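K.L.:
Next up is a structure, given as structure tokens.
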Amino acid sequence: MKVALLGATRGMGRAVARALAARGDRLFLLGRDERELGRSASDLEIRGAADRVGFAHADLLDSSTFAPALEQAEKELDGLDAVVVTAGLFAEQEALENDPERCERLLQANFTGTVCFCEAARKRLLARGGGTLCAFSSVAGDRGRKPVVLYGAAKAGLSHYFEGIDHRFHAQGLRAVLVKPGFVKTGMTAGLEPPPFAGEPEAAAEIVVRALDRGTPVVYAPGIWRFILLAIRMLPRAVMRRIGF
Ligand SMILES: NC(=O)c1ccc[n+]([C@@H]2O[C@H](COP(=O)([O-])OP(=O)(O)OC[C@H]3O[C@@H](n4cnc5c(N)ncnc54)[C@H](OP(=O)(O)O)[C@@H]3O)[C@@H](O)[C@H]2O)c1
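So for the sequence shown, the numbering used here puts the first residue at 10; every next one is plus one.
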């Protein structure tokens, strides 16, 4: 498979890229830190990626970088089967409430930037007859909750967008794959108390690669979070107002 990945220098993105490299897929990396991209590309080549792993500058906070980065990925891979966006920002609710600029950056990267990048990628995939577009939302987008009001709102918007493009473009060959991680131990969650059922990035990556191969529209990682969120979605508003979860 020929795959372009945005956000694969760390965390779950890196684990997904490594799993794809190990089976000999052709990869191209997109991101904002060229030194890290170069290091990650060499790492993936050593781990078995087919051919040279190229990379290009793309920043979710700068939409002018999207088209040239995707153009270069498509050119160097000689086509594109899948585009995977794991890039994103996280901050705790209080930090965002107390810092409007940080809050705006997070909303911009996780919703507007991600959706606009996905739109550019979707058009490219459909122009070639179809392909797989995958992005990482969050269980935080499944219900408005006290600790993740702002982060969750951006992820809810992204989830909604992915459902919409699945309905609108599936018949034209688009496979829209939305990943909803629960708590996964990465740099993003470093310093937070892991809840029960916290997952590892490598296990999440296995779920993601299977979903990419099958074109599964929505997957939770770890899978148990599907059932946890099912229960949380059923809780009455009066209960949600009282509990801290
Ligand atoms: N970990 C969890 O428990 C969890 C739970 C739910 C959802 N998620 C979601 O899953 C995804 C991956 O999370 P993770 O834990 O693997 O995160 P991570 O380890 O913090 O990695 C995030 C990646 O995003 C990139 N990135 C950040 N801002 C960017 C920007 N403006 N432009 C381009 N790239 C940017 C980072 O690159 P730099 O090196 O340039 O910063 C890094 O490669 C995220 O969308 C996150 O919201 C994670």
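A virtual CB, placed ideally from N, CA and C, is assigned to each residue, including glycine. Predicted, not measured: the structure shown is a model, and the values here were computed from it.
Taking Val-186 and Ala-130 to be in contact with their CB atoms under 8 Å, please state how far apart those CB atoms are, rounded to whole angstroms.
P.N.:
The residue you call residue 186 lines up with position 177 of the sequence shown. The residue you call residue 130 lines up with position 121 of the sequence shown. With 8 Å as the limit, Val-186 and Ala-130 do not qualify as a contact, their Cβ atoms being about 12 Å apart.
K.L.:
Looking at C-alpha atoms only, which residue of His-176, Val-217, Gly-208 is the closest neighbour of Val-188?
P.N.:
What you label residue 188 is simply residue 179 of the sequence shown in a count that begins at 1. Nearest C-alpha to Val-188: Val-217.
K.L.:
Within the stretch 123 to 182, note down every full beta strand (DSSP E) run reaching 3 residues or more, in order along the chain.
P.N.:
Counting only runs of 3 or more, we get 140 to 145.
K.L.:
Within this structure, are the beta carbons of Val-25 and Val-93 separated by less than 8 Å?
P.N.:
For this step, residue 25 is matched to residue 16 along the sequence shown. For this step, residue 93 is matched to residue 84 along the sequence shown. The answer is yes: Cβ separation under 8 Å.
K.L.:
Determine, for Gly-40, whether the minimum Cβ-Cβ distance to residues of chain B falls below 8 Å.
P.N.:
You won't find chain B in this structure, because it holds only one protein chain.
K.L.:
Let me know the beta strand (DSSP E) ranges lying completely inside the stretch 52 to 99, each 3 residues or longer, listed in chain order.
P.N.:
List check, beta strand (DSSP E) in window: 63 to 66, 91 to 94.
K.L.:
What first and last residue would you give for the beta strand (DSSP E) that runs through Val-228?
P.N.:
Position 219 of the sequence shown, counted from the first residue, corresponds to residue 228. Residues 227 to 230.
K.L.:
Is Leu-15 near ligand 1, judged by its Cβ being under 7 Å from some heavy atom?
P.N.:
If you number the sequence shown from 1, residue 15 lands on position 6. Result yes, Cβ under 7 Å from ligand 1.
K.L.:
Taking the C-alpha atoms as reference points, what is the distance between Ser-72 and Leu-39?
P.N.:
Along the sequence shown, read from residue 1 onward, the residue named residue 72 stands at position 63. Along the sequence shown, read from residue 1 onward, the residue named residue 39 stands at position 30. Between Ser-72 and Leu-39, the C-alpha separation is close to 13 Å.
K.L.:
In the structure shown, what three-state DSSP assignment does Ala-259 receive?
P.N.:
No statement about residue 259 is possible, as the shown extent of the chain runs from 10 to 254 and does not include it.
K.L.:
Should Asp-151 go down as buried or exposed, given a rule of 16 or more other Cβ atoms within 10 Å for buried?
P.N.:
Against the sequence shown, residue 151 aligns to sequence position 142. Answer is buried; the Cβ neighbour count reaches 16.
K.L.:
When the Cα atoms are used, what is the spatial distance from Arg-56 to Ala-136?
P.N.:
Numbered from 1 along the sequence shown, position 47 holds the residue referred to as residue 56. Numbered from 1 along the sequence shown, position 127 holds the residue referred to as residue 136. Using only the alpha carbons, I get a separation of about 31 Å.
K.L.:
Along the chain, where does the alpha helix (DSSP H) that runs through Val-193 open and close?
P.N.:
Here residue 193 refers to the residue found at position 184 of the sequence shown. Unbroken run through Val-193: none, as it is neither H nor E.
K.L.:
So what does DSSP say about Leu-244, is it helix, strand or coil?
P.N.:
For the purposes of this step, residue 244 is taken as the residue at position 235 of the sequence shown. Leu-244: coil per DSSP, three-state reduction.
K.L.:
Alpha carbon to alpha carbon, how far is Val-148 from Phe-236? Give it in angstroms, no decimals.
P.N.:
Walking along the sequence shown from the start, residue 236 turns up at place 227. Walking along the sequence shown from the start, residue 148 turns up at place 139. Near 11 Å, if we compare the C-alpha coordinates of Val-148 and Phe-236.
K.L.:
Please determine, among Pro-226, Asp-222, Ala-212, the residue with the shortest C-alpha to C-alpha distance to Ile-233.
P.N.:
Here the question's residue 233 lines up with position 224 in the sequence shown. If we check each option's Cα against that of Ile-233, Ala-212 comes out closest.
K.L.:
Helix, strand or coil: which one does DSSP assign to Phe-254?
P.N.:
On the sequence shown, position 245 is the one that residue 254 refers to. Residue state, collapsed to three classes: coil.
K.L.:
Do Gly-196 and Arg-41 have their C-beta atoms closer together than 8 Å?
P.N.:
As a position in the sequence shown, residue 196 is number 187, starting the count at 1. As a position in the sequence shown, residue 41 is number 32, starting the count at 1. Result no, Cβ atoms of Gly-196 and Arg-41 do not sit closer than 8 Å.
K.L.:
For a test of the three-state rule: what should DSSP assign to Arg-27, helix, strand or coil?
P.N.:
Start at 1 with the first residue of the sequence shown, and residue 27 comes out as number 18. Here Arg-27 sits in helix by DSSP.
K.L.:
Can you round the beta-carbon distance between Ser-146 and Leu-167 to whole angstroms, since I take them to be within the 8 Å contact cut?
P.N.:
Here residue 146 corresponds to residue number 137 of the sequence shown, with the count starting at 1. Here residue 167 corresponds to residue number 158 of the sequence shown, with the count starting at 1. Between Leu-167 and Ser-146 the Cβ distance is about 5 Å, and since that is below 8 Å, they are a contact.
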